[in-house]
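Visitor:
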Amino acid sequence: MRWVMQKMTFRAGLAAIALAAGPAPVAVFAADAPVTEAQLAEHIKLLASDAFEGRAPGTEGEDRTIAYIVGEWAKAGLGAVPGSVTPWLQPVPLVESQPVSGTAKFKAGGRDFALGDDAIILTGREASVSLTDVPAIFVGYGVDGAGKVNADVTGKLAIMLFDNAPFGEKLPRYRERRQMLADAGAAGVLVIATDAVPWAELRESLGSKATRLADAKPGPQVSGFLSGEGADALLAKAGQKGAAMREAAKSPGYRGLALPVTADLAATSTIRAYDSHNIIAKLPGAKPDGKAVLFLGHWDHLGVCGKEDDADRICNGAVDNASGIAVLIEVAKRLAAGDRADRDIYFMATTAEEKGLLGAHYFADHPVLPLGDITVALNIDTIAISPRGTPVATIGRGNPAYDAVIRNVATKLGRKLDEDGEADAFVQRQDGWALGAKGVTSLMAGGSFSDMPLLEAFLGSDYHRASDNFSDNIPLGGAAEDADLHVALGRAFANVESWPGK
């Protein structure tokens, strides 16, 4: 009952915030005031405080995050999207599952054999799943050079490599390939773990809770991971050598290999359905022409992530991505306070990015404005990495017209361009990927993905750990410069004369 009452109080408070703020008077400035490091620090310090409990979807931390972002955007003069059933919020129905138990028994040539319990991890799509005598097939990367499923997997256990395929361009990552195999009829999918992720760490993470969209396509009835040693042992029982199989799979024309192996698989899980929320606001344009600019960044992080005996159990997500939300708030303030842009500008803080870009995918499937009306989506994520003066890199570059806008805007701000292409490795790891898959031009521009040593240092240390806390050591100079860059990009893409609206 306490939780229900808190929800009711929160919703009422949210409505009061919006009504009290009302439309802010539009001030006219000759130029937008620069975003300061102190302004960003104020937002990050609060959003990454323990009071927000790591901003996990479906928690009180989500409610506090929503209230703060809506309050800041309302004070800036933004409004809810007209006609919204739930003003400011887009409910995102999610389903959370956690493995309870899983067993796997195999037969090769009619003889039983078992893998060690530490060699396989199983999860089920439903609360209880049991499969018997399922034939196994090794499918390599699961797709061919054209990105199509490469074998007949109907009713079979598909055994797939985790790593990205070494052929083709922009081929799906392992989650998407696993789903493609399920769509093609695979009863189960086992992914052979990569050496890049320690097996013990992978076992621990997969034994925790997983989340999917409630309306997502059904995945395989049973899925899981095999350790490298476990996979080699299974393939050896089938008369094959693991190294040779992996090498053969590197061909874009690889068609898979049926194995003389059958499997009995069973898994039980706990299932919980709940709603999280994307937060969406609109800044009406002065001369709307049917096109719009969309700014987005994810508000969520990992919540309480440590073990019970850890001194710090909260993954606060200061850099990832309280920093991006801080920039979204300050960009919104500048664009609302200065000369009103021609086009409508939307701001969206997405949920469940950390769970697989789920909020962004849901918006892409259930947009609050036609996706064809979005002339560009500018995603802001993990932005507090680099110092002032870092060149601007762009994730999603390659369209000459858009690249030219970024080049011109950055140059006018005194920024150099980083065009070595290293940032392209992150294109599928950010919310813009979900929109890009639907044909929306989605870009990430700034310094954080330009200085690879600094980014890799963060990814190898504080990233997704309890140590991603606010501190005076977070480099906010580059984030402030990138915030100014996004204000200028918003104005450029929202100008009906200089940018016709693709």
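Residue numbers for the sequence shown, in my numbering: 1220 to 1721. Ideal Cβ positions, reconstructed from N, Cα and C, are used throughout, including at glycine.
(1) Take Leu1350 as the anchor and find which of Thr1569, Gly1374 and Ala1656 has the nearest alpha-carbon.
(2) Look up Pro1244 in the DSSP assignment and say whether it is helix, strand or coil.
(3) What are the start and end residues of the beta strand (DSSP E) that includes Gln1317?
(4) Counting pairs of Cβ atoms below 8 Å between the stretch 1374–1383 and the stretch 1393–1400, do you hit three or more?
(5) May I ask which residues mark the beginning and end of the alpha helix (DSSP H) holding Thr1630?
(6) Roughly how many angstroms lie between the CA atoms of Ala1412 and Asn1383, to the nearest whole one?
(7) Locate the beta strand (DSSP E) running through Ser1349, then write down its first and last residues.
(8) How is Thr1284 classed by DSSP in three states: helix, strand or coil?
(9) So within the stretch 1448–1508, which uninterrupted alpha helix (DSSP H) runs reach at least 4 residues, ignoring any that extend past its ends?
(10) Can you tell me which of the three DSSP states Leu1297 falls into?
(11) Quick check on the DSSP output: the alpha helix (DSSP H) that includes Leu1521 runs from which residue to which?
(12) Quick one: residues in its chain with C-beta nearer than 6 Å to the C-beta of Val1628, no 5 flanking neighbours on either side, listed in chain order?
(13) What does the alpha-carbon distance come out to for the pair Phe1444 and Val1410?
(14) Our contact map puts Ile1614 next to Val1646 with C-beta atoms below 8 Å; I'd like the distance itself, whole angstroms only.
(15) Does the Cβ-Cβ distance between Pro1507 and Arg1553 come in under 8 Å?
(16) Below 8 Å on the Cβ atoms is my guess for Ala1596 versus Ser1661; work out the distance and round it to an integer in Å.
(17) How would you call Ser1680, buried or exposed, if buried means at least 16 neighbouring beta carbons within 10 angstroms?
(18) Using 8 Å as the threshold, is the C-beta distance between Ala1275 and Asn1688 below it?
(19) With the cut-off set at 8 Å, would you say Val1368 and Gly1407 are in Cβ contact?
(20) Is it the case that the Cβ atoms of Leu1390 and Gly1366 are separated by a distance below 8 Å?
(21) Considering Cα atoms alone, identify which of His1683, Ile1602 and Ala1462 is closest to Val1704.
(22) Can you give the Cα-Cα distance for Gly1472 and Ala1401, rounded to whole angstroms?
(23) Indicate whether Val1611 and Gly1666 have their beta-carbon atoms separated by less than 8 Å.
(24) Can you give me the Cβ contacts of Val1523 inside the same chain, cut-off strictly under 8 Å, excluding the 5 residues immediately before and after it?
(25) Per DSSP, what are the beta-bridge partners of Phe1566 in this structure?
(26) Please determine, among Phe1325, Glu1527 and Ser1320, the residue with the shortest C-alpha to C-alpha distance to Ala1452.
(27) When you compare only the Cα positions, how much space is there between Val1546 and Val1311?
(28) With a threshold of 7 Å on Cβ separation, who are the neighbours of Pro1503 within its own chain once the five nearest residues in sequence on each side are excluded?
(29) Between Lys1721 and Thr1594, how many whole angstroms is the CB-CB distance? I'm expecting something under 8 Å.
(30) In angstroms, rounded to a whole number, what distance separates the CA positions of Thr1487 and Leu1341?
(31) Helix, strand or coil for Val1538 per DSSP?
(32) Name the DSSP beta bridge partners of Asn1598, please?
(33) Could you tell me which residues DSSP pairs with Phe1381 in its beta bridges?
(34) Should Thr1284 go down as buried or exposed, given a rule of 16 or more other Cβ atoms within 10 Å for buried?
(35) Can you tell me whether Phe1727 is helix, strand or coil according to DSSP?
(36) Check whether the Cβ atoms of Val1550 and Ala1713 lie closer than 8 Å to each other.
Guide: With the given structure in hand:
(1) Looking up residue 1350 in the sequence shown gives position 131. Nearest of Thr1569, Gly1374 and Ala1656 to Leu1350, Cα basis: Gly1374.
(2) To locate residue 1244, count along the sequence shown from 1; it is residue 25. Note on Pro1244: pLDDT 30, under 50, position unreliable in the model; the coordinate value appears next. In this structure, Pro1244 counts as coil in the three-state DSSP scheme.
(3) What you label residue 1317 is simply residue 98 of the sequence shown in a count that begins at 1. Unbroken beta strand (DSSP E) run through Gln1317: Leu1308 to Ala1327.
(4) Enough Cβ pairs lie closer than 8 Å, so yes.
(5) As a position in the sequence shown, residue 1630 is number 411, starting the count at 1. Where Thr1630 is concerned, the enclosing alpha helix (DSSP H) stretches over Pro1619 to Lys1631.
(6) Walking along the sequence shown from the start, residue 1412 turns up at place 193. Walking along the sequence shown from the start, residue 1383 turns up at place 164. Going from the Cα of Ala1412 to the Cα of Asn1383 covers about 12 Å.
(7) For the purposes of this step, residue 1349 is identified with residue 130 of the sequence shown, where counting begins at 1. Here the beta strand (DSSP E) through Ser1349 covers Ser1347 to Gly1359.
(8) Along the sequence shown, read from residue 1 onward, the residue named residue 1284 stands at position 65. Assignment of Thr1284 by DSSP, reduced to helix, strand and coil, places it in the helix class.
(9) Note on the stretch 1448–1508: whole alpha helix (DSSP H) runs with a minimum of 4 residues are 1461–1467, in chain order.
(10) Taking the sequence shown and counting its residues from 1, one reaches residue 1297 at position 78. Leu1297: coil per DSSP, three-state reduction.
(11) Numbered from 1 along the sequence shown, position 302 holds the residue referred to as residue 1521. Counting along the chain, Leu1521 falls outside any alpha helix (DSSP H), and DSSP gives it neither H nor E.
(12) Start at 1 with the first residue of the sequence shown, and residue 1628 comes out as number 409. Ala1707, Leu1708 and Ala1711.
(13) By 1-based counting over the sequence shown, the position of residue 1444 is 225. By 1-based counting over the sequence shown, the position of residue 1410 is 191. Distance between the alpha carbons of Phe1444 and Val1410 is about 5 Å.
(14) The residue labelled residue 1614 in the question sits at position 395 within the sequence shown. The residue labelled residue 1646 in the question sits at position 427 within the sequence shown. Contact holds; Cβ gap of about 5 Å.
(15) Here the question's residue 1507 lines up with position 288 in the sequence shown. Here the question's residue 1553 lines up with position 334 in the sequence shown. Contact: no.
(16) Counting from one through the sequence shown, the residue named residue 1596 turns up at place 377. Counting from one through the sequence shown, the residue named residue 1661 turns up at place 442. Rounded, the Cβ-Cβ distance is 4 Å, consistent with contact.
(17) Here residue 1680 is taken as the residue at index 461 of the sequence shown, counted from 1. Exposed, by the Cβ-count rule.
(18) For the purposes of this step, residue 1275 is taken as the residue at position 56 of the sequence shown. For the purposes of this step, residue 1688 is taken as the residue at position 469 of the sequence shown. Contact: no.
(19) The sequence position of residue 1368 within the sequence shown is 149, counting from 1. The sequence position of residue 1407 within the sequence shown is 188, counting from 1. At a Cβ-Cβ threshold of 8 Å, Val1368 and Gly1407 do not count as neighbours.
(20) Taking the sequence shown and counting its residues from 1, the one referred to as residue 1390 is at position 171. Taking the sequence shown and counting its residues from 1, the one referred to as residue 1366 is at position 147. For Leu1390 and Gly1366, yes; Cβs fall inside 8 Å.
(21) Stepping through the sequence shown from its first residue, residue 1704 is reached at position 485. The amino acid occupying residue 1704 in the given sequence is Leu; Val does not appear at that position. Out of His1683, Ile1602 and Ala1462, the CA that lies nearest to the CA of Leu1704 is found in Ile1602.
(22) Numbered from its first residue, the sequence shown carries residue 1472 at position 253. Numbered from its first residue, the sequence shown carries residue 1401 at position 182. Looking at the two C-alpha atoms, the distance is approximately 20 Å.
(23) Position 392 of the sequence shown, counted from the first residue, corresponds to residue 1611. Position 447 of the sequence shown, counted from the first residue, corresponds to residue 1666. In this structure, the beta-carbon distance from Val1611 to Gly1666 falls below 8 Å.
(24) Residue mapping note: residue 1523 aligns to position 304 of the sequence shown, counting from 1. Only Glu1272, Gly1273, Ala1275, Arg1532, Ile1533 and Cys1534 meet the Cβ criterion.
(25) Against the sequence shown, residue 1566 aligns to sequence position 347. In the DSSP assignment, Phe1566 forms a beta bridge with Ala1500 and Phe1514.
(26) Walking along the sequence shown from the start, residue 1452 turns up at place 233. Phe1325 is the residue among Phe1325, Glu1527 and Ser1320 whose C-alpha sits nearest the C-alpha of Ala1452.
(27) As a working note, residue 1546 is residue 327 in the sequence shown. As a working note, residue 1311 is residue 92 in the sequence shown. If I take the Cα positions, the gap works out to 23 Å.
(28) Against the sequence shown, residue 1503 aligns to sequence position 284. Around Pro1503: Asp1563.
(29) Residue mapping note: residue 1721 aligns to position 502 of the sequence shown, counting from 1. Residue mapping note: residue 1594 aligns to position 375 of the sequence shown, counting from 1. Right, the Cβ-Cβ distance comes to about 6 Å (below 8 Å), so this counts as a contact.
(30) Reading the sequence shown from its first residue, position 268 is the one you call residue 1487. Reading the sequence shown from its first residue, position 122 is the one you call residue 1341. For Thr1487 and Leu1341, the distance between alpha carbons rounds to 9 Å.
(31) Stepping through the sequence shown from its first residue, residue 1538 is reached at position 319. If DSSP states are grouped into helix, strand and coil, Val1538 belongs with the helices.
(32) Taking the sequence shown and counting its residues from 1, the one referred to as residue 1598 is at position 379. For Asn1598, which the question treats as bridged, DSSP gives the partners Leu1515.
(33) As a working mapping, residue 1381 is identified with position 162 in the sequence shown. None, per the DSSP bridge assignment.
(34) Indexing the sequence shown from 1 puts residue 1284 at position 65. Under this definition Thr1284 is a buried residue.
(35) The question about residue 1727 has no answer, for the chain in this structure spans 1220 to 1721.
(36) In the sequence shown, residue 1550 corresponds to position 331, counting from 1. In the sequence shown, residue 1713 corresponds to position 494, counting from 1. For Val1550 and Ala1713, no; Cβs fall outside 8 Å.
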